[in-house]
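Novice:
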Amino acid sequence: MAASPTRGGAGTDGSGGAGRGPLIGGEGKDMVHEIMAAAGPGGIAQVQEACLMPFPLVRHLLGMLEIMDVTRLEAHRAVLQRAKERLLARVAALDSRADKARLERLLAASFMYVGMVDMREVPLTVMERLERVPAQHLKQLASDPDVFKILPPGVQRQVWEYDKNLLQNDALPLVGAYKYETATYMRALAADEFLPAVLVEAQRLAVTLTSATPSSSAAAPGGSAADPDSLVGLGSSGRGKGGAKPRGGAGVAAAAAAARVAGSHLLGSSGGGSGSGGVPGSAVVGITRKILRKGSRITQALKGMVGSSPKIYTQIVELCTVKFRDAESLYVGVRECSYAALRAQLLMALHDDNNQVVAKDRCHELAWTLDAGIRNGCLSDKHLEKLGSFFAEIVEAAEEADNLALGGSKRRRGASGALPGRFSKDPRDEAESAGAGGHGGGAGGVVEPLRVLGDAGLVLRDPSALHLLAAQALSLLQSEVVAAERLPRDVPDLVLVLRLMQLAVDCRTMMRDGRYRYPDPDPEVLHDLLPLAAALQVDHYIATVEAAATAAKAAAGTATGMAAGSAGAAPGAGAVGGSAAAPAGTAQVGPEANAIVDEVEDLPRAPKQ
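Residue numbers (full-length UniProt numbering): 1 to 609.
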C-alpha cells in the first residue's frame, strides 16, 4: 500500500502534516483500522482521501489515469520510483565527510523505511555513503536478522563491530566447518609431505662428501677419533679412521660412500629437479598453500567478513584460539589442528591481498616466514634467522617489561648466547594482564610480550608448519650432526627448531593455564633420542661401506680364479670353478636398505623404572 508522509488529526481531511507520523507499518494499519471501524464500507473513500498526495492537481490527474485504466497502485509506484531515482542521484553527489550532517539527517528521516521493499534502497544507500553509521541505528539493525542480511558489506562490518555476539553467531559456523574441507584433512594427515625433500638433500650431500673422501681418509690419525664427542665413538668405537679436518672422519667417509644406497629405495625413480628453496630440488610439488586458501570457501568467506576491519579480524582469530584451547579431546587431532590451520591461512589470505589488517598482527612475520618455507619445502638459513629474531624480540620485550616493573633494576634471566631464546622465564598468570590483547600493543602490562607466545604456538601448530619443522630437524641431523660430527646440543639451528616444535605442542596447555613461557627443547629428545638416531645412522653407513668393500674383494677374487682356471686346467674345469665361485661373491653383498631396522631391534634395552 502506497502511503503519504503524514496524515491529518482525524485521518479524513487529507490535509497532511499535522500531528501524526508517517503511515508506515503499525501507524498505517492503525489508521485504516480506525477509519474502517468508524465508517464501515464507506471508509474506503476516506482512506483514499487521507492517503492522497497533498497537491491540488493530484486529484484530477488520478481521475484521468483511472479513465486510462491505470490503477492508483500503479500510479503511486511510478511516482515513487521517479522520486526515488532523483533522491538517490542527489545522495550519490554528496560527500561522505563534507556532507556528513545532511546524510545523517536523511538517514534519520528514511531509516523507518528500511523494512519496506520499495523504499529500503534509500536508507541502505545513505548508510553505505556514510563512513560511520550512528550507533542507535546499528543497534536496531543488529536486532533484525532479515534486515541485516540485505545490508551492504561495509554496513554489516559496522554492525559486527558493534555487536560481538552477532559476529560470533555468524563466524562460528564457518570456523567449525573448516575442518570438514578435504584439503584440511589431507594436509593434516600428510606427515611425510616434506620427506622427499629431506631424502633429496641427503643424496646431494652424499655426492658432495664423496668427492672429499680421499683427502679425509689420507689425513693424519687423531683429531676426531680422539674426540670424546665424536659420533663415530657413539655408534661403533674403533671401527672408523679419524681425520684431521673438522668435517672429516670415518663417519663422513662412511656416509659419503653409503648414502647413495641407504634411503635411495624411498626415492623411487624421482631424482628431483632444481628447486627454489634453500636446498636445490627440495621444493614440494603439488598444490601450494596459496592455491588452497584461494580455493577454500571458508577462508574466502571469513576474508570477506574481515574486509579492512582490525576488530573483526581480531575477534575471528580469538574464535579460532578459543575453539582450539577449549576442545574437549585429550589430544590434539585433525579437528583441533584445523583451527590452527585456519588461523594461519586466514592471515596469509589477507597478506596475499596486501590488506593492512595483517600489519597489526604480531604473528604476521612468523606466519609469512613459515609459509615461504612450506612453499620451498625447507627452511633456509635466512628463514631460520628470521624465526630466531622473532622470538628473540619477544624475550627482550619480556625482560624490558620485567625491568620496568621492578623499578628499572637490572635483571637478566637466562643466558644471552647466540641462540635466540635460551631464556627461561617463570610463568606468569594471565590475570595480571586482564584486558590485554594478544596481537600487538595495548595495555598489556608485564605479561603482554609472553602472551604472544600463545598465538605464535597456534601458528606453529598448523599441521604443515609442524611437518616442516620436523623435516627441518631431520635435515639438520644429517647435515650438522652426522656429516659434521657434532652433538645435537651444539647445533643452534637444531635447538631452535626443537624449541619451536615444543612451543607448538605446549601452546594449548599454556592457553588453558594462562601461563606462558618460551620452552626449552625436551631433554630426552635433545640428549638421548637425536644422538642415538645419529649413531644408528652412522653405524648403518659404516656397515654398508664394509659390506660394499667385502663384495668388491669377493668379486676381485672371483675374477682372479676365473683367469687362473682358464690359463692352467681344462677349459671345462675353469668354467665349473668360475660358476661355483660366482654365487659366493654374490652372496657377500652388504645389508639390505632396511637393515637398520634389525640393528635397532638388536640394541640392548634399558630396564623399566
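Ideal placement from N, C-alpha and C gives every residue a C-beta, glycine not left out.
Is Arg515 helix, strand or coil when you go by DSSP?
Specialist: Here Arg515 sits in strand by DSSP.
Novice: Let me confirm a value: Glu201 is counted as buried when at least 16 other C-beta atoms fall within 10 Å, else exposed. Which label applies?
Specialist: Buried is the call here.
Novice: Please classify Asp30 as buried or exposed, where buried requires at least 16 neighbouring CB atoms within 10 angstroms.
Specialist: Per the 10 Å Cβ criterion, exposed.
Novice: Taking its Cβ as the centre, do 16 or more other Cβ atoms sit within 10 Å of Tyr516, making it buried, or is it exposed?
Specialist: That one is buried.
Novice: How many angstroms separate the CA atom of Leu350 from the CA atom of Asn165?
Specialist: Approximately 23 Å, taken between the alpha carbons.
Novice: Hey, out of Gln156, Thr321, Ala549 and Glu131, whose CA is closest to Ala142's CA?
Specialist: Comparing Cα-Cα distances from Ala142 to each of Gln156, Thr321, Ala549 and Glu131, the minimum goes to Gln156.
Novice: On the three-state DSSP scale, how would you describe Tyr162?
Specialist: Three-state DSSP puts Tyr162 in a helix.
Novice: Can you tell which of Val482, Gly377 and Ala344 has the C-alpha that lies nearest to the C-alpha of Asp361?
Specialist: When only C-alpha atoms are compared, the closest one is Ala344.
Novice: Is Cys507 helix, strand or coil by DSSP?
Specialist: Cys507: helix per DSSP, three-state reduction.
Novice: Could you tell me if Phe391 is buried or exposed, where buried requires 16 or more neighbouring beta carbons within 10 angstroms of its beta carbon?
Specialist: With 16 or more Cβ atoms within 10 Å of its Cβ, Phe391 is classed as buried.
Novice: Nearest to Ala78 by alpha carbon, out of Gln48, Gln46, Ala39 and Asp118?
Specialist: Cα-wise, what sits closest to Ala78 is Asp118.
Novice: Taking 6 Å as the limit between beta carbons, can you name the residues of its chain near Arg489, skipping five residues before and five after?
Specialist: Counting only Cβ-Cβ distances below 6 Å, and skipping sequence neighbours, we find Leu526.
Novice: Any contact between the segment 130-145 and the segment 298-317? By contact I mean 3 or more CB pairs, one from each, below 8 Å.
Specialist: No, they do not touch.
Novice: Assuming Ala108 is part of the alpha helix (DSSP H), what are its boundary residues?
Specialist: Per DSSP, Ala108 belongs to the alpha helix (DSSP H) from Lys100 to Ser110.
Novice: Hey, could you find the ends of the alpha helix (DSSP H) Ala78 is sitting in?
Specialist: Where Ala78 is concerned, the enclosing alpha helix (DSSP H) stretches over Arg72 to Ala92.
Novice: If distances are taken between C-alpha atoms only, which option among Val481, Arg451 and Leu496 comes closest to Ala401?
Specialist: Nearest of Val481, Arg451 and Leu496 to Ala401, Cα basis: Arg451.
Novice: Taking the runs of the alpha helix (DSSP H) that are 4 residues or longer, which of them lie wholly in the segment 44-70?
Specialist: Listed in chain order, the complete alpha helix (DSSP H) runs (minimum 4 residues) inside the segment 44-70 are 58-67.
Novice: CA-CA distance, Leu65 and Ile44?
Specialist: Cα to Cα, the separation comes out at about 19 Å.
Novice: Does the Cβ of Leu347 lie closer than 7 Å to at least one heavy atom of the ligand SAM?
Specialist: By its list of ligands, the structure shown contains no ligand whatsoever, and the ligand SAM lies outside what it can speak to.
Novice: May I have the straight-line CA-CA distance separating Ala93 from Glu128, to the nearest angstrom?
Specialist: The alpha-carbon atoms of Ala93 and Glu128 are separated by roughly 13 Å.
Novice: Over the uninterrupted alpha helix (DSSP H) stretch that includes His383, give me the two end residues.
Specialist: Where His383 is concerned, the enclosing alpha helix (DSSP H) stretches over Asp381 to Ala405.
Novice: Which residues bound the alpha helix (DSSP H) around His364?
Specialist: Unbroken alpha helix (DSSP H) run through His364: His364 to Asn376.
Novice: In terms of residue numbering, what span does the alpha helix (DSSP H) encompassing Pro463 cover?
Specialist: Pro463 to Leu476 is the extent of the alpha helix (DSSP H) around Pro463.
Novice: Counting along the chain, where does the alpha helix (DSSP H) carrying Asp520 start and finish?
Specialist: Asp520 -> no alpha helix (DSSP H), and no H or E assigned at all.
Novice: Quick one: Cα of Leu57 to Cα of Gly63, how far?
Specialist: Going by the C-alpha atoms only, they are around 10 Å apart.
Novice: Within the same chain, show all residues whose beta-carbon is closer than 6 Å to that of Ala470, passing over the 5 residues directly before and after it, in chain order.
Specialist: Once the five neighbours on either side are set aside, Ala470 has no close Cβ partner at all.
Novice: Could you check if Asp353 is buried or exposed, using at least 16 other CB atoms within 10 Å of its CB as the buried criterion?
Specialist: Under this definition Asp353 is an exposed residue.
Novice: To which residues of the same chain is Val459 closer than 6 Å at the C-beta, ignoring the five residues directly before and after it?
Specialist: Within the same chain, Val459 has close Cβ partners Ala344, Cys363, Leu366 and Ala367.
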